[in-house]
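A.B. asks: So the sequences go chain by chain: H and X.
Residue 10 is where the first sequence starts when you use our numbering, and the numbers rise one by one after that.
Residue 62 is where the second sequence starts when you use our numbering, and the numbers rise one by one after that.
Beta carbons are placed, not taken as given, at the ideal position from N, Cα and C, and that holds for glycine.
One structure follows; several queries about it will come next.
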Amino acid sequence: MIEAIGLVKKFGDFTAVDNVSFSVSKGEIFGLLGENGAGKTTTLRMLATMLKPTSGNAVLKGYDTQKEPEKVRAQIGILFGGETGLYDRLTVAENITYFGELNGMSRSAIRERIRQLAQAFGMTDFVDKRASTLSKGMKQKAAFARSIVHDPDIMLFDEPTSGLDVTAARDVHDFILRCKSEGKTIVFSSHSMSEVEKLCDRIGIIHKGRLVESGTLEELKIKHGNNDLEELFVRLVGAK
Amino acid sequence: MKLKHVMIVLRKEVKDLLRDRRTIISSILLPMILIPVINIVMGGGIQKFEKDMNENVMVALSRSSNSPEVRELVQERILSKNPNIVLVDAEDPVKALENNEIRCILEIENSYAEKLEDGQPIQITLQYDESKTKSQAAADIVSRAIDRFSEEVVEERIAALGLDPDFLQPVQVERKNLAPNDMGNNMMLQMMLPFMISILVAVGGIPAATDLVAGEKERNTFEPLLTTMPDRGSLLLGKYLAVTLFSMVSLVAILVGLSIGYIINPNSLTIGIDTQLQGISLDPLAVVLALLITVALGMTFSGIQIALSTIAKSYKEAQTYLSFLMLAAMVPGYATMFMQASDLSPVMFVMPVMNTVAAFKMILGGSINYFNLVLALVTSIIFVILTLMFAASLFKKEKVMFRN
Numbered sequence: 010m011i012e013a014i015g016l017v018k019k020f021g022d023f024t025a026v027d028n029v030s031f032s033v034s035k036g037e038i039f040g041l042l043g044e045n046g047a048g049k050t051t052t053l054r055m056l057a058t059m060l061k062p063t064s065g066n067a068v069l070k071g072y073d074t075q076k077e078p079e080k081v082r083a084q085i086g087i088l089f090g091g092e093t094g095l096y097d098r099l100t101v102a103e104n105i106t107y108f109g110e111l112n113g114m115s116r117s118a119i120r121e122r123i124r125q126l127a128q129a130f131g132m133t134d135f136v137d138k139r140a141s142t143l144s145k146g147m148k149q150k151a152a153f154a155r156s157i158v159h160d161p162d163i164m165l166f167d168e169p170t171s172g173l174d175v176t177a178a179r180d181v182h183d184f185i186l187r188c189k190s191e192g193k194t195i196v197f198s199s200h201s202m203s204e205v206e207k208l209c210d211r212i213g214i215i216h217k218g219r220l221v222e223s224g225t226l227e228e229l230k231i232k233h234g235n236n237d238l239e240e241l242f243v244r245l246v247g248a249k
Numbered sequence: 062m063k064l065k066h067v068m069i070v071l072r073k074e075v076k077d078l079l080r081d082r083r084t085i086i087s088s089i090l091l092p093m094i095l096i097p098v099i100n101i102v103m104g105g106g107i108q109k110f111e112k113d114m115n116e117n118v119m120v121a122l123s124r125s126s127n128s129p130e131v132r133e134l135v136q137e138r139i140l141s142k143n144p145n146i147v148l149v150d151a152e153d154p155v156k157a158l159e160n161n162e163i164r165c166i167l168e169i170e171n172s173y174a175e176k177l178e179d180g181q182p183i184q185i186t187l188q189y190d191e192s193k194t195k196s197q198a199a200a201d202i203v204s205r206a207i208d209r210f211s212e213e214v215v216e217e218r219i220a221a222l223g224l225d226p227d228f229l230q231p232v233q234v235e236r237k238n239l240a241p242n243d244m245g246n247n248m249m250l251q252m253m254l255p256f257m258i259s260i261l262v263a264v265g266g267i268p269a270a271t272d273l274v275a276g277e278k279e280r281n282t283f284e285p286l287l288t289t290m291p292d293r294g295s296l297l298l299g300k301y302l303a304v305t306l307f308s309m310v311s312l313v314a315i316l317v318g319l320s321i322g323y324i325i326n327p328n329s330l331t332i333g334i335d336t337q338l339q340g341i342s343l344d345p346l347a348v349v350l351a352l353l354i355t356v357a358l359g360m361t362f363s364g365i366q367i368a369l370s371t372i373a374k375s376y377k378e379a380q381t382y383l384s385f386l387m388l389a390a391m392v393p394g395y396a397t398m399f400m401q402a403s404d405l406s407p408v409m410f411v412m413p414v415m416n417t418v419a420a421f422k423m424i425l426g427g428s429i430n431y432f433n434l435v436l437a438l439v440t441s442i443i444f445v446i447l448t449l450m451f452a453a454s455l456f457k458k459e460k461v462m463f464r465n
């Protein structure tokens, strides 16, 4: 479903992503684990066609990110960490409608989808309220709904729990698992070991732009003879 | 680029901006209310100032010349035809001038009567305070009264010699104003209206442009937007059209504001210079061309505003850049503000802002030059294309788009 082949991204002399390759099968959660500035966001931005790779390529659901970026974007939903990125002056429904329309949905399909999503995320009470009037939790639910309004097959999560409290982070985890249960393919970036252990089928450890290791958690633990992911991570990034 | 995507973005941005108090205030309410208020207040202020300058001009005689004979001469001969000049008694005239109790002091030599009798010149000294506008104006008013008195004395002396007064005026100059009747008194309108239209259209989109790119970046709504299906050209064009629309809304707001001002006080359009707006016969084709030039000016500045807002890392940074743009727009505006239609050169019709000012001055001045108007329109369209291309190139630059 996702194939990253030798992705390289340079900003001037600085190499942010250096020859990163991985693949993610349908319905799988792939975690990109790395410290701040390791190259996780840049990798996800290349997958989402926001950045053009300096070299290498990525193919999502058969579409080349460089040759068919619009088709790639139609297949993905994305959720960023920190701020929810909602338009404060629009209602929740208007926020979702905007993204639905931009992703090629008809008005009637959007209306029906909003009804479904409002029920699924318990938003019926505030779906017609402006985003500026909502609590952080409500905004987060609205952001979840907006990211999947067009029912994408691929979800990209860029440190989605960054800056969130325990409950909000748990809601994000539940949302990711919900996406997995719906058969979506997920790439998830994080610097939290526990999060990655909890959610991911496979992980890739990224350090200074290079993918230093990848595999299932069990494979990595066996390969490096260490059951503690944190210990394993420190050893891997420290060695490079 | 797909028109459907452009329209989705445009629709959303307009809805979003219409709910933004800052944009509504600065793009719609401010021009609608501020312009008539400024005109009326300014007009009222100027009228009051003119009245104050010309009426109740208090003058006093200096201590040395304050005698009943001199007072009589001044009252009867110099000020008799100037009821606006009032001769008052001042114990200390210099102090009274300092305290603004009087506006100037007349000093007339004591031997004036003999000198008048002998046909010799008499010395009148006018003391005033150059640092005070009213005193300066009073000195002019009193000087004119003295000149008239002097002319009367000359006429009396010539008559006494048995000569015709015309003897001393071998040439008489008659001035005739050939300006079209309906344009003569619209000078202030020619000065202010083109300037206000150009500046407000040029800067009218600033709040929208700041919000739509730098604001989006700061609120973290920009990255999710970039992950949706439309290409960047469609997103840019939708936002660009929204900014242009708001600069045009500013234009409409200005015109509504001016109309309100005119309804409240017809003098407001002439900034109160004791003139009423006279009937203007406008050439419809020229008006259409001028409006198209204005729209193109709005589009040119929208392109620059979107570009600067894209370069900015934050809302505040965008505001800083765009305030410089506002100043840049004002320079050509002020440079042409005081020119009359006849002073316009073809070069002015190829410069942004200046071309719009020039086009409206031409129309309000009543002397239409279609070549210059078409020249202004063609160059304006070139500026629109160039600025839009510049904004589009920035939207494609990763370094600019992801500066933060």
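1. I'd like to know if residue 85 of chain H contacts chain X, where contact means its C-beta is closer than 8 angstroms to some C-beta of that chain.
2. To which residues of the same chain is residue 124 of chain X closer than 7 angstroms at the C-beta, ignoring the five residues directly before and after it?
3. Using the beta-carbon of each residue, which ones in chain X are nearer than 7 angstroms to residue 112 of chain H?
4. Ignore the nearest five residues each way along the sequence and tell me which others in residue 70 of chain H's own chain have a CB closer than 7 angstroms to its CB.
5. So, does the CB of residue 164 of chain X fall closer than 8 angstroms to a CB anywhere in chain H?
6. What residues in its chain sit with their C-beta under 6 angstroms from that of residue 15 of chain H, if we drop five residues either side in the sequence?
7. Do you know offhand how far residue 132 of chain H's Cα is from residue 282 of chain X's?
8. Which residue or residues does DSSP assign as beta-bridge partners of residue 216 of chain H?
9. Using the rule of at least 16 other Cβ atoms within 10 Å of the residue's Cβ for burial, across every protein chain shown, is residue 65 of chain X buried or exposed?
10. Between X:169, X:67, X:440, which has its C-alpha nearest residue 358 of chain X's C-alpha?
11. Checking contacts by CB at 8 angstroms: is residue 285 of chain X closer than that to chain H?
12. Helix or strand or just coil, what does DSSP make of residue 399 of chain X?
13. Would the beta-carbon of residue 51 of chain H fall within 8 angstroms of that of residue 18 of chain H?
14. Since residue 228 of chain H sits in a beta bridge, which residues does DSSP pair it with?
15. Going residue by residue through the segment 184–268 of chain X, where are the continuous beta strand (DSSP E) segments of at least 3 residues, counting only ones entirely within it?
16. Within the 8 angstroms Cβ cut-off, does residue 64 of chain X reach chain H?
17. What does residue 209 of chain H pair with, by DSSP beta-bridge criteria?
18. On the DSSP bridge assignment, give the partners of residue 164 of chain X in chain order.
19. Whole angstroms are fine: how far does the CA of residue 150 of chain H sit from the CA of residue 257 of chain H?
20. Cutting at 6 angstroms between CB atoms, please list the residues of its own chain near residue 240 of chain H, excluding the five before and the five after it.
21. Using a Cβ cut-off of 8 angstroms, which residues of the segment 74–90 of chain X contact any Cβ in chain H, in chain order?
22. Let me see if you follow: with CB-CB separation under 8 angstroms, is residue 367 of chain X close to chain H or not?
23. Per DSSP, which residues does residue 73 of chain H bridge with? Please list them.
24. Within 10 angstroms of the Cβ of residue 54 of chain H, are there 16 or more other Cβ atoms? Answer buried if so, exposed if not.
25. Which chain H residues sit within Cβ distance under 8 angstroms of residue 69 of chain X?
26. Does the beta-carbon of residue 261 of chain X have 16 or more other beta-carbons within 10 angstroms, so that it is buried, or is it exposed?
27. I believe residue 324 of chain X touches residue 258 of chain X by the beta-carbon criterion, under 8 angstroms. Please report the beta-carbon distance rounded to the nearest angstrom.
28. Cβ of residue 72 of chain H less than 8 angstroms from any chain X Cβ?
29. Out of H:186, H:60, H:210, H:214, which one is the CA nearest neighbour of residue 225 of chain H?
30. The segment 161–188 of chain H: which residues have C-beta closer than 7 angstroms to a C-beta of chain X, in chain order?
31. Counting only C-beta atoms, is residue 42 of chain H closer than 8 angstroms to chain X at any point?
32. Checking contacts by CB at 8 angstroms: is residue 474 of chain X closer than that to chain H?
33. In terms of residues, what are the limits of the beta strand (DSSP E) holding residue 85 of chain H?
34. By Cβ distance, which residues of its chain are closer than 7 angstroms to residue 256 of chain X, with the 5 residues on each side in sequence left out?
35. Is it right to say residue 142 of chain H is buried, meaning 16 or more other beta carbons lie within 10 angstroms of its own, or is it exposed?
36. Whole angstroms are fine: how far does the CA of residue 160 of chain X sit from the CA of residue 201 of chain X?
C.D. replies: Let me spell this out:
1. By 1-based counting over the first sequence, the position of residue 85 of chain H is 76. At least one CB of chain X lies nearer than 8 angstroms to the CB of residue 85 of chain H.
2. By 1-based counting over the second sequence, the position of residue 124 of chain X is 63. Residues 154 of the same chain have their beta carbon placed closer than 7 angstroms to that of residue 124 of chain X, with the five preceding and five following residues left out of the count.
3. In the first sequence, counting from the first residue as 1, residue 112 of chain H sits at position 103. Within chain X, the residues near residue 112 of chain H are 289, 290.
4. Translated into the one-based positions of the first sequence, residue 70 of chain H becomes position 61. Around residue 70 of chain H: 10, 84, 162, 163.
5. Sequence index remark: in the second sequence, residue 164 of chain X carries index 103 (1-based). At a cut-off of 8 angstroms between beta-carbon atoms, residue 164 of chain X makes no contact with chain H.
6. For the purposes of this step, residue 15 of chain H is taken as residue 6 along the first sequence, with counting starting at 1. Taken in chain order, the residues that qualify are 28, 30, 65.
7. Locating residue 132 of chain H in the first sequence gives position 123, counting from the first residue. Locating residue 282 of chain X in the second sequence gives position 221, counting from the first residue. Their backbone Cα atoms lie some 21 angstroms apart in a straight line.
8. As a first step, residue 216 of chain H is located in the first sequence; it is residue number 207 there, counting from the start. H:219, per the DSSP bridge assignment.
9. To locate residue 65 of chain X, count along the second sequence from 1; it is residue 4. Per the 10 Å Cβ criterion, exposed.
10. Here residue 358 of chain X refers to the residue found at position 297 when the second sequence is read from its first residue. Comparing Cα-Cα distances from residue 358 of chain X to each of X:169, X:67, X:440, the minimum goes to X:440.
11. Walking along the second sequence from the start, residue 285 of chain X turns up at place 224. Between residue 285 of chain X and chain H, the shortest Cβ-Cβ separation is below 8 angstroms.
12. As a working note, residue 399 of chain X is residue 338 in the second sequence. Residue state, collapsed to three classes: coil.
13. The sequence position of residue 51 of chain H within the first sequence is 42, counting from 1. The sequence position of residue 18 of chain H within the first sequence is 9, counting from 1. Contact: yes.
14. Within the first sequence, residue 228 of chain H is the residue found at index 219, counting from 1. Per the DSSP secondary-structure output, residue 228 of chain H pairs with nothing in a beta bridge.
15. Within the segment 184–268 of chain X, the runs of beta strand (DSSP E) that reach at least 3 residues and sit entirely inside it are, in chain order, 185–189.
16. As a working mapping, residue 64 of chain X is identified with position 3 in the second sequence. Output row for residue 64 of chain X: interface = no.
17. In the first sequence, counting from the first residue as 1, residue 209 of chain H sits at position 200. According to the DSSP secondary-structure assignment, residue 209 of chain H is paired through a beta bridge with no residue.
18. Along the second sequence, one-based indexing puts residue 164 of chain X at 103. DSSP lists no bridge partner for residue 164 of chain X.
19. Chain H is shown from 10 up to 249; residue 257 of chain H falls before or after that span and cannot be answered.
20. As a position in the first sequence, residue 240 of chain H is number 231, starting the count at 1. Excluding positions up to five away in sequence, the list is empty.
21. Residues passing the 8 angstroms Cβ filter: 76, 77, 80, 81.
22. Stepping through the second sequence from its first residue, residue 367 of chain X is reached at position 306. No, because no Cβ of chain H sits closer than 8 angstroms to the Cβ of residue 367 of chain X.
23. To locate residue 73 of chain H, count along the first sequence from 1; it is residue 64. DSSP, once it has assigned bridges, lists H:68 as partnering residue 73 of chain H.
24. Here residue 54 of chain H refers to the residue found at position 45 when the first sequence is read from its first residue. It is buried - the Cβ of residue 54 of chain H has at least 16 other Cβ atoms within 10 Å.
25. Translated into positions along the second sequence, residue 69 of chain X becomes position 8. Going along chain H in sequence order, the residues near residue 69 of chain X (Cβ under 8 angstroms) are 107, 110, 111.
26. Taking the first residue of the second sequence as position 1, residue 261 of chain X is located at position 200. Burial check for residue 261 of chain X: the Cβ neighbour count within 10 Å reaches 16 or more, so the residue is buried.
27. Position 263 of the second sequence, counted from the start, is the residue given in the question as residue 324 of chain X. Position 197 of the second sequence, counted from the start, is the residue given in the question as residue 258 of chain X. That belief does not hold up - the Cβ atoms of residue 324 of chain X and residue 258 of chain X are roughly 19 angstroms apart, past 8 angstroms.
28. The sequence position of residue 72 of chain H within the first sequence is 63, counting from 1. No, no contact with chain X.
29. Indexing the first sequence from 1 puts residue 225 of chain H at position 216. Of all alpha-carbon atoms in H:186, H:60, H:210, H:214, the one lying nearest the alpha-carbon of residue 225 of chain H is that of H:210.
30. For the segment 161–188 of chain H, which is checked against every Cβ of chain X, not one residue is closer than 7 angstroms.
31. By one-based count along the first sequence, residue 42 of chain H stands at place 33. Output row for residue 42 of chain H: interface = no.
32. Since the displayed chain X opens at 62 and closes at 465, residue 474 of chain X lies outside it and no answer follows.
33. Translated into positions along the first sequence, residue 85 of chain H becomes position 76. Note, residue 85 of chain H: beta strand (DSSP E), 85–89.
34. Counting from one through the second sequence, the residue named residue 256 of chain X turns up at place 195. Exclusion of the five residues before and after residue 256 of chain X leaves 394, 398, 418 as the residues of its chain whose Cβ lies within less than 7 angstroms of its Cβ.
35. Working through the first sequence from its first residue, we reach residue 142 of chain H at position 133. When all chains shown are included, residue 142 of chain H counts as exposed.
36. By one-based count along the second sequence, residue 201 of chain X stands at place 140. By one-based count along the second sequence, residue 160 of chain X stands at place 99. In this structure, the CA atom of residue 201 of chain X is about 20 angstroms from the CA atom of residue 160 of chain X.
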